[in-house]
Amino acid sequence: MTDLPAELTTGERLRILRERRGLSRPVLAGLVGRSSDWLKKIENGDRDLRSITLLVRLANVLHVPDVAMLTGSDLAIPAGAVGKLSHACVPEIRKALHGVSFAGTPTVGTMSAEALRGRVDGAWRLWHASTHQRTEVGALLPDLIRDAHACVRAHEGAERRAAHAATADLYRLVQRLLAHICEPELYWLALDRGRAHSEEADEPVTLALAAWSTAIGQRAAGYADDAVQTDEAGMALLRGGLEDGSPELLAVYGALNLQAAVSCGLDGRSGDADRYLAEAARTASRLPAGYTHTPSAFDASNVAIHGVSVGVGLLTPGEALRRAEDIAPEGITSLERRSRLLLDIAAGHAQKRETAAAVHYLGHAHRVSPEAVRYVPMARGLAASLARSASGPLKGEAVALAESVGVAA
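Next up, the structure:
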């Protein structure tokens with residue numbers, strides 16, 4: 483399947499590869515969650531296909547190892563997914579999630595909502611400060627989950643609503659930790675618990691944060707359009723308070739815009755992605771100096787980081803790397819976010835087939851936070867791809883890096 487003429491369009495390549503696989507247009511379209519008419523327009527050149535999510539889906543269905551075979555470009559994006567790794571913390575978290583509604587006494591006695599909030603915020607700070615987020619935070623979560631539910635049950639009225647709000651933020655942390663390392667059902671159980679507690683808190687910012695975390699889950703499941711709609715619903719809850727809103731309200735509004743930008747980037751919607759990025763930047767400029775919203779890590783530096791992610795998602799690595807030039811990684815206090823920036827820079831270089839630079843930045847990301855790389859499927863896939871494509875003196879370094887990340891070269 484590598485003998486396609488260079489001058490073919492993406493649509494022409496899709497048609498040829500589809501026919502070689504013996505798939506009808508309705509069947510292939512259905513396998514990637516789209517209509518036959520949509521695929522017909524792509525194949526006939528009446529519609530562009532720039533969504534990296536859909537390109538990877540199509541490549542997997544057509545048994546194509548790299549989406550460059552679909553686009554005919556020099557961009558290198560491995561299509562094959564690398565299996566996810568689990569983590570030793572998952573069984574105890576699963577046990578807590580499954581049994582918490584029937585739990586007896588809390589582990590530390592009855593807490594006030596304020597005390598619960600302090601523990602949840604502390605766990606979030608640890609998530610951003612640790613080089614091994616899942617190991618260190620994962621050890622805290624089972625008891626914290628049980629104590630949070632006990633706190634909710636122990637109070638009424640405003641105190642209970644405050645406990646619900648803190649528990650909602652706790653479940654957003656559980657969701658973040660479980661991403662990529664557990665069965666989908668457990669991940670979505672944590673997400674839905676966070677949403678339910680947000681509704682019980684009866685407060686716009688908390689409910690908007692539920693939209694933020696739900697949209698992240700939707701995008702991870704491949705539903706970028708739905709994710710953007712959910713982000714917009716969250717923004718709508720906050721727009722009325724933007725004029726004189728608290729820093730937290732502004733930050734959550736900005737974080738929703740960033741998530742919408744990333745989803746649009748993965749869906750090939752460059753204009754919408756840029757619009758959301760610009761709104762996030764305007765919002766960040768209104769925050770007090772030095773303010774960072776802990777759960778979302780929203781601040782001006784996080785806007786810049788997401789700009790790089792959007793460029794990678796849009797398959798415009800030159801723009802992504804240009805944006806990265808304006809960011810000083812050592813100034814990013816969240817090690818998880820710093821590692822993600824370096825990972826996106828590595829992906830940008832890999833898209834340009836600049837293997838040495840990609841290996842360098844992926845290695846840097848791994849040194850900043852091994853767990854922020856090891857447990858992310860995109861990073862694992864990139865490590866495996868670089869180990870295969872590297873040659874000469876670079877080969878040994880790339881293979882060793884892949885082994886450190888936990889994938890075979």
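Going by this note's numbering, the sequence shown opens with residue 483, and the numbers climb by one from there.
Glycine included, each C-beta is placed from N, C-alpha and C at the ideal position.
Cα-Cα separation, residue i to residue j
| i | j | result |
| --- | --- | --- |
| E885 | L731 | 43 Å |
| R503 | S517 | 19 Å |
| S867 | G874 | 16 Å |
| E574 | R757 | 42 Å |
| E853 | L740 | 23 Å |
| P666 | A737 | 24 Å |
| T491 | A847 | 35 Å |
| A632 | T592 | 7 Å |
| A692 | R701 | 14 Å |
| L759 | P859 | 25 Å |
| D781 | K522 | 43 Å |
| R862 | A488 | 30 Å |
| A597 | L622 | 15 Å |
| T712 | V543 | 28 Å |
| M551 | P508 | 21 Å |
| R500 | G704 | 21 Å |
| L883 | A865 | 7 Å |
| G772 | G639 | 34 Å |
| T688 | G716 | 10 Å |
Local Cβ density within 10 Å of residue i, reported as buried at 16 or more and exposed below that
| i | result |
| --- | --- |
| N526 | exposed |
| R822 | buried |
| G620 | buried |
| D651 | buried |
| A810 | exposed |
| S783 | buried |
| D530 | exposed |
| D485 | exposed |
| D749 | buried |
Terminal residues of the alpha helix (DSSP H) in which residue i lies
| i | result |
| --- | --- |
| N739 | P729 to L748 |
| A762 | S752 to A766 |
| M593 | Note, M593: premise wrong, no alpha helix (DSSP H); not H, not E. |
| V858 | No alpha helix (DSSP H) holds V858; DSSP gives it neither H nor E. |
| E807 | Neither: E807 is in no alpha helix (DSSP H) and is coded neither H nor E. |
| E667 | P666 to A683 |
| I814 | First-last for I814: undefined, no H or E at that position. |
Residue-chain proximity (residue i, chain B), Cβ-Cβ < 9 Å
| i | result |
| --- | --- |
| M860 | Structure shown: chain B not included; a single protein chain is present. |
Supposed close pair residue i, residue j - CB separation, criterion 8 Å
| i | j | result |
| --- | --- | --- |
| V792 | L817 | Between L817 and V792 the Cβ distance is about 22 Å, and since that is not below 8 Å, they are no contact. |
| V744 | G795 | 6 Å |
| W694 | V734 | 7 Å |
| V855 | L825 | 6 Å |
| P777 | Q833 | Wrong, their Cβ atoms sit about 30 Å apart, outside the cutoff. |
| I534 | L496 | In fact, because the Cβ distance is near 15 Å, the residues do not count as touching under 8 Å. |
| L579 | A672 | 7 Å |
| R532 | L797 | 7 Å |
| P686 | L720 | 6 Å |
Proximity to residue i [Cα-Cα], best of the options
| i | options | result |
| --- | --- | --- |
| H637 | A595, A621 and L655 | A595 |
| H646 | V841, A839, D684 and I787 | D684 |
| R601 | Q833, G723, Y705 and D625 | D625 |
| R835 | S871, L803 and I814 | S871 |
| R768 | L540, L608 and L724 | L724 |
| D629 | Y843, R599 and R805 | R599 |
| R654 | E618, S555, V634 and W609 | W609 |
| C664 | R635, A644, E682 and R616 | R616 |
| Y857 | E807, T765 and S568 | S568 |
Check: residue i C-beta below 8 Å from any heavy atom of the ligand PLP
| i | result |
| --- | --- |
| T613 | The model depicted lacks the ligand PLP and carries no ligand whatsoever. |
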